[in-house]
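Engineer:
Listed below in structure tokens is the structure:
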């Protein structure tokens, strides 16, 4: 139920989390009072987890996240007054090309650094995808013109920056298919298969708070994955659990993963 002071247990959060939780709660309140869709800025995985943990206290509105395309990691919190309410996400997609056509030699860090050097806050920027000789930047619509007008160089390359239409195949991250058997569908077992590492490494990632499933922090290695879930491991990468193809006679599961590269 709606409450003026219900901020989802802020007493148990540190100061930064309290500020974020309070801001998200205020956005939900605005959605409820004005009966319109309301949006946050872009949230990283930790911030999405805070939102996830607040969902029960925000049940007076419909809460979801959207990053502009299915596989987006950085996402906007979407607050809707009722289920099925139509909305237009307040984002733009910018396409950046190098005059020298050397974009493939520029990294995600290069593009992010160039954008941050313009004085742009990270929360205004979503994912950056490098594909087919160009980079695509998801950003809030209110900053799009500024970026298009002022981003002229990335590292040592002169670049052009213009609005792009809508997400297409460029926004499906490159991936390699991983097929293998696991003893169970537990999170630690599947992470071990994805990154070809020992079970102990996977458990360590989980215990250190580095593993997120669909934006939710998972701290138990006993979590059983469901088909379609996207797993992000900070410092290692991310993958999508596609399906369990079969079960062997020895009781092992043959699973299919898409490991993003």
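Residue numbers (the numbering used here): 48 to 308.
All C-beta atoms, glycine included, are put in the ideal place defined by N, C-alpha and C.
My output table needs one value for residue 96: the three-state DSSP class, helix, strand or coil.
Structural biologist: helix
Engineer: Cα separation between residue 225 and residue 248?
Structural biologist: 19 Å
Engineer: Based on Cα-Cα distance, which residue from 276, 98, 235 lies nearest to residue 305?
Structural biologist: 276
Engineer: Starting from residue 69, trace the beta strand (DSSP E) in both directions and tell me its first and last residue.
Structural biologist: Where residue 69 is concerned, there is no enclosing beta strand (DSSP E), although the alpha helix (DSSP H) it sits in stretches over 62 to 81.
Engineer: Report yes or no: do the stretch 187 to 197 and the stretch 234 to 241 share at least 3 C-beta pairs separated by less than 8 Å?
Structural biologist: no
Engineer: Tell me whether the beta-carbon of residue 107 lies closer than 9 Å to the beta-carbon of residue 219.
Structural biologist: The answer is no: Cβ separation not under 9 Å.
Engineer: Count the C-beta pairs between the stretch 243 to 260 and the stretch 280 to 289 that are closer than 8 Å, then say yes if the count reaches three, no if not.
Structural biologist: By the criterion of at least three beta-carbon pairs nearer than 8 Å, the stretch 243 to 260 is in contact with the stretch 280 to 289.
Engineer: Measure the beta-carbon distance from residue 158 to residue 75 and round it to whole angstroms, keeping in mind my assumption that it falls under 8 Å.
Structural biologist: Not really, about 33 Å apart at Cβ, beyond 8 Å.
Engineer: What first and last residue would you give for the alpha helix (DSSP H) that runs through residue 197?
Structural biologist: 188 to 197
Engineer: Based on Cα-Cα distance, which residue from 104, 139, 64 lies nearest to residue 91?
Structural biologist: Nearest option by C-alpha distance: 64.
Engineer: Compute the Euclidean distance between the alpha carbons of residue 50 and residue 209, then round it to the nearest angstrom.
Structural biologist: At residue 50, the pLDDT of 39 sits below 50, so the modelled position is not reliable and the matter cannot be decided from this model.
Engineer: By the 10 Å Cβ neighbour count, where 16 or more other Cβ atoms means buried, how is residue 58 classified, buried or exposed?
Structural biologist: Annotation note: pLDDT 47 at residue 58 (below 50); position unreliable, no value reported.
Engineer: Could you please give the first and the last residue of the uninterrupted beta strand (DSSP E) stretch that includes residue 265?
Structural biologist: Looking at the DSSP string, residue 265 is not in any beta strand (DSSP E), and its letter there is neither H nor E.
Engineer: Which word fits residue 153, buried or exposed, when buried means at least 16 other C-beta atoms lie within 10 angstroms of its C-beta?
Structural biologist: buried
Engineer: Using the rule of at least 16 other Cβ atoms within 10 Å of the residue's Cβ for burial, across every protein chain shown, is residue 308 buried or exposed?
Structural biologist: exposed
Engineer: Could you check which residue in 185, 120, 301, 162 has the C-alpha nearest to that of residue 278?
Structural biologist: The alpha carbon of residue 278 has as its nearest neighbour, out of 185, 120, 301, 162, the alpha carbon of 120.
Engineer: Output yes or no for whether 9 Å exceeds the beta carbon distance between residue 144 and residue 206.
Structural biologist: yes
Engineer: Find the nearest neighbour of residue 68 within the set 293, 296, 104, judged by alpha-carbon distance.
Structural biologist: 104
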